[in-house]
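Residue numbers (the working numbering): 1139 to 1642.
We put the CB at the ideal spot given by N, CA and C, even for glycine.
Small disclaimer: the values here were computed from a predicted structure and weren't measured.
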Ligand code: ADQ
């Protein structure tokens, strides 16, 4: 669409996300700040470098004066101020572990049998979203772009409008949006849909997610009128208008490519390859989560070495898992299940000098992660469902010699952009995944280069800055969405339209 060009400094940015980009850790002399992990923070962190703003998020702790002081110190030293939202243990259990992780996360990843629709969770979702809205309202300046991130905070715009903040409210949904046959199970389905329509702009990762959202609207918000404008859709309801688009999130390609080109990283990659005795390296890198398909991947690797003895001593899987949501029992069980599978495979197939699966369960520093990306001949990225999956993009960006093979789940959002260069697989189809690894080991260097060049060109072009700029211009998107004859008054119309008290 015409409005989506580079224009990064137009509005100050007020980012609202569940977690801040830093977490609080116990140091020897009290709490200290450490970088947070996970895709949302990896994606947004580059944006902190070249623009000013405020980031509102949960610290992961109850209210602690030392934590407030640490964040104030950090904010004084950087262009982005970090403003904390606190939760006590009970709120955390109901809002974060409960509604976010026992309802929305499994349901939106099509795993409805894992959901626990506890009615109390909903009340906490609303009250904590209101708390985030109050914090944002207290920090907001009139021309700010208030940019809310992810499924935990889908009801923040409703809170903001009740507080009289009604302009440039954008929301980006990092995870998949399910189709109506799954979404309909949510007891609060109409409430969530209408809360999203309180934003001016709602962004999804892919056209698949946008299509699902619109199908849900058609089914559950009958009065919504849906029209298209260029690449976007306009949702009109009495008294409000929302622009809905697909904005696939990217990475800072140059940062990954330059980091991976560094001599120390190249040397470390060579050392890793030597440590693995020259075997072909297949790499998985994931946050610990049942949606990432790690047990299914291990089963496919097991089948591969069971059915292809010629690969024994010639191939190893390196599975790196960053700890995540460790206090939720289901995640502890998943960790144990992965450890069991790894030991079974190694116990059954391993020989002196050959460990089939190397398992690393910790967060890696960036240079170490890049060394793994550089060392790996094949990236095996097989989530059962994923909003995007940044690891797939990071692997390709780090392949500075244009070699290597990406095997990617067709259910990752990244598959929509990367299907021409990757080998796409159904992660539930164990035999097909095993065979995909086999074909990757046989892929001639010329074909690898041709595919990897395509992948890298697309990831370089559709990078994180392009994604950010499309949101920074959300008022222009809204202006373009106004009826043609009224385009000159579009911004004023938007400003008045969503006053508190208007139908919501
Ligand atoms: P995540 O589910 O966290 O993100 P993903 O996109 O794969 O998933 O990002 C994971 C991030 O963690 C990557 O940047 C990766 O480098 C990093 N990481 C993984 N293992 C690591 C390790 N051991 N050490 C250090 N870093 C590690 C959510 C959605 C995704 C969506 C992103 C961004 O679930 O679908 O792509 O947000 O929108």
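When secondary structure is reduced to three states using DSSP, residue 1590 falls in the helix class.
Looking only at 1260, 1532, 1563, the smallest Cα-Cα distance to residue 1234 is reached by 1260.
Residue range 1467 to 1487 is occupied by the alpha helix (DSSP H) that includes residue 1486.
Counting the other Cβ atoms within 10 Å of the Cβ of residue 1172 gives fewer than 16, which makes it exposed. The distance from the Cβ of residue 1162 to that of residue 1248 is about 33 Å, inconsistent with a contact at the 8 Å cut-off.
As summarised for the segment 1531 to 1556, the continuous beta strand (DSSP E) elements at least 3 residues long and confined to that stretch are 1543 to 1547, given in chain order. For residue 1527, the distance from the CB to the nearest heavy atom of ligand 1 is below 8 Å. For residue 1321, the uninterrupted alpha helix (DSSP H) segment begins and ends at 1318 to 1321.
Looking at the DSSP output, residue 1221 shares a beta bridge with 1194.
Taking 8 Å as the upper bound for CB-CB distance, residue 1186 and residue 1277 are not in contact here, some 16 Å apart.
Taking a contact as a CB-CB distance under 8 Å, the pair residue 1441 and residue 1552 does not count as one, their CB atoms being some 24 Å apart. Rounded to the nearest whole angstrom, the CA to CA distance from residue 1536 to residue 1423 is 14 Å. Minimum Cα-Cα distance from residue 1164 among the listed residues 1429, 1338, 1208 corresponds to 1208. Within a 10 Å sphere around the beta-carbon of residue 1323 sit fewer than 16 other beta-carbons, which makes this residue exposed. Sorting 1499, 1228, 1305 by C-alpha distance to the C-alpha of residue 1459 places 1499 at the top.
By the Cβ criterion, the segment 1261 to 1274 is not in contact with the segment 1502 to 1511, since fewer than three pairs of Cβ atoms, one from each stretch, lie closer than 8 Å. Comparing alpha-carbon positions, the option among 1533, 1568, 1563, 1584 lying closest to residue 1598 turns out to be 1533. Spatial neighbours of residue 1561 in its own chain (CB-CB distance under 8 Å, excluding positions within 5 residues in sequence) are listed in chain order as 1543, 1544, 1545, 1546, 1574, 1577, 1578. When DSSP states are grouped into helix, strand and coil, residue 1380 belongs to the strand group. Apart from sequence neighbours up to five positions away, the residues of its chain that approach residue 1437 with a beta-carbon distance below 8 Å are 1479, 1568, ordered along the chain.
In the three-state scheme derived from DSSP, where H, G and I count as helix and E and B as strand, residue 1156 is classed as strand. Sorting 1177, 1192, 1205 by C-alpha distance to the C-alpha of residue 1170 places 1205 at the top.
Look at residue 1301 here: in three-state DSSP terms it is coil, with no helix or strand label. In the assembly as shown, residue 1364 is an exposed residue. Its beta-carbon has fewer than 16 other beta-carbons within 10 Å.
Taking the CA atoms as reference points, residue 1337 sits about 30 Å from residue 1530. With a cutoff of 9 Å on beta-carbon distance, residue 1380 and residue 1340 are scored as near each other. Counted as a single uninterrupted DSSP element, the stretch harbouring residue 1202 is not any alpha helix (DSSP H), since DSSP gives it neither H nor E.
Closer than 8 Å to some heavy atom of ligand 1: that describes the Cβ of residue 1180. If you draw a straight line from the Cα of residue 1291 to the Cα of residue 1156, it comes to about 7 Å. Contact between residue 1435 and residue 1518 holds: CB atoms are separated by about 6 Å, below the 8 Å threshold. Residue 1304 holds the alpha-carbon nearest to the alpha-carbon of residue 1280 among 1168, 1366, 1304. Setting aside the 5 residues that flank it on each side, residue 1514 is surrounded in the same chain by 1419, 1421, each with a C-beta closer than 6 Å to its C-beta; the list follows chain order.
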